[in-house]
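K.L.:
One structure follows; several queries about it will come next.
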Amino acid sequence: MLITQHYLADDAQSKVLDWPKRFHIINGIARGLMYLHQDSQLRIIHRDLKANNILLDKDMNPKISDFGIAKICEENDIGAKTNRVVGTYGYLSPEYALHGRYSVKSDVFSFGILILEIVSGKSNRRFSHPDHNLNLLGLAWKLYKEGRSTELLDEYLGNSCSTPEVERSICVGLLCVQQCPEDRPSMSFVVMMLNNKGVLPQAKRPGFYIETDAPDGELSSSHTETPITILVAR
């Protein structure tokens, strides 16, 4: 088994993952999460979905791993609250990182981050745009608003891309990282959006992004209560 982050972080290995493989991985993770959330006998919230927890087999089929902090919920449970927030900053949803509230929509947020990382080949935690001081979410949102979403694409992908699939993936990623949990799609809807050609909903401003549109060059964020240690890409 190989870890997705190994491919995304290494320039030489990144070239191995052309667009069809990346889209296959995105779809596989989406279907895996859909199974955990609604098709498994036990409804499972993973709570630590990230690139390092996605294993790839020899055929590049993704496997979700590390269920050490996962929670099992009753079928009708909408979520829970904890005083001990665990997981990985850069992937945590706003309501979980700030208030300890988690649900299946927390996993959806983490999946949205993963989509944007797989498309761009960049880490949300480490990326900072040299010209705008934008983190990965901020850059994805800026390009989406300006109708330039495909500029987020990993430079190594070259001509292997299907532009409609790339644009659809980025839009779905942004829909998954909406500030409010109720604005995020279910994983079954995510799978449908990724694999159909219908018109997608318009994404709104994501949670946990930074930009420099504020006066005097001060950083502004989509959640003013968030500690800067969570927002700043590393």
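Position 144 (the sequence shown) corresponds to 143 in numbering that gives the first Met the number 0; numbering is contiguous.
We put the beta carbon where it would ideally sit given N, CA and C, even for glycine.
Note that this is a predicted model, so its numbers are computed, not measured.
(1) With distances taken from CA atoms, which of 170, 181, 207 and 183 is nearest residue 197?
(2) Residues in its own chain within less than 6 angstroms of residue 217 by CB, not counting five upstream and five downstream?
(3) Could you check what DSSP says for residue 143 in three-state terms: helix, strand or coil?
(4) Comparing C-alpha positions only, which one of 90, 102 and 158 sits nearest to residue 70?
(5) Under DSSP, the beta strand (DSSP E) around residue 43 begins and ends at which residues?
(6) Who pairs with residue 205 in a beta bridge, going by DSSP?
(7) Out of curiosity, what's the CA-to-CA distance linking residue 35 and residue 43?
(8) Quick check on residue 138: does DSSP put it in helix, strand or coil?
(9) Quick one, which of 55, 73 and 105 has its alpha-carbon nearest residue 88's?
P.N.:
Straight from the coordinates:
(1) 170
(2) With a pLDDT of 35 at residue 217, under the threshold of 50, the modelled position of that residue is not reliable, and no figure is offered here.
(3) helix
(4) 102
(5) Its beta strand (DSSP E) spans residues 42-44.
(6) 177
(7) 5 angstroms
(8) helix
(9) 105
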